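These notes are about the structure you will find just below.
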Amino acid sequence: MSIDDLEAEVDKLLDEMDALQEKCDTLPQCEKDDGCATCEINKQIEALEEKIETLENKIEALMGEEEEDED
Ligand SMILES: [Zn+2]
């Protein structure tokens, strides 16, 4: 997978995360301070965050390889 592909994937996941966060904000239980600790949408958001982090690490690793000659 190229860096461009990975970045497109990250963008897609960020959009999904935004949509989920909007939904999460409208849930009555999430108005409480610790409401999101048990909310299903928040679990999905955390799963997406992990995926994004994995992809970003891959992007960084690829960028590191590309920039090896410079510097
Ligand atoms: Zn929530």
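Numbering-wise, the sequence shown is residues 0 to 70 according to numbering that gives the first Met the number 0.
Note that the Cβ used here is the ideal one computed from N, Cα and C, for glycine as well.
Since the model is a prediction, treat every value here as computed from it, not as a measurement.
- Query: How big is the Cα-Cα spacing for ALA54 and GLU15?
  - Reply: What sits at residue 54 in the sequence shown is Leu, not Ala. Approximately 15 Å between the Cα atoms of the pair.
- Message: In whole angstroms, give me the CA-to-CA distance for ALA7 and ILE58.
- Response: Between ALA7 and ILE58, the C-alpha separation is close to 11 Å.
- Among VAL9, GLU45 and PRO27, which has the Cα closest to the Cα of LEU19? The option with the nearest alpha carbon to LEU19 is GLU45.
- Query: CB of GLY63 to nearest heavy atom of ligand 1: below 7 Å?
  - Reply: Every heavy atom of ligand 1 is 7 Å or more from the Cβ of GLY63, so no.
- Give every residue of the same chain whose Cβ lies closer than 7 Å to the Cβ of MET62, excluding the five residues on either side of it in the sequence, and list them in chain order. So the qualifying residues of the chain are ILE2.
- Task: Mind checking which residues open and close the alpha helix (DSSP H) that includes THR37?
- Result: Taken as a continuous stretch (DSSP letters only), THR37 belongs to no alpha helix (DSSP H), as it is neither H nor E.
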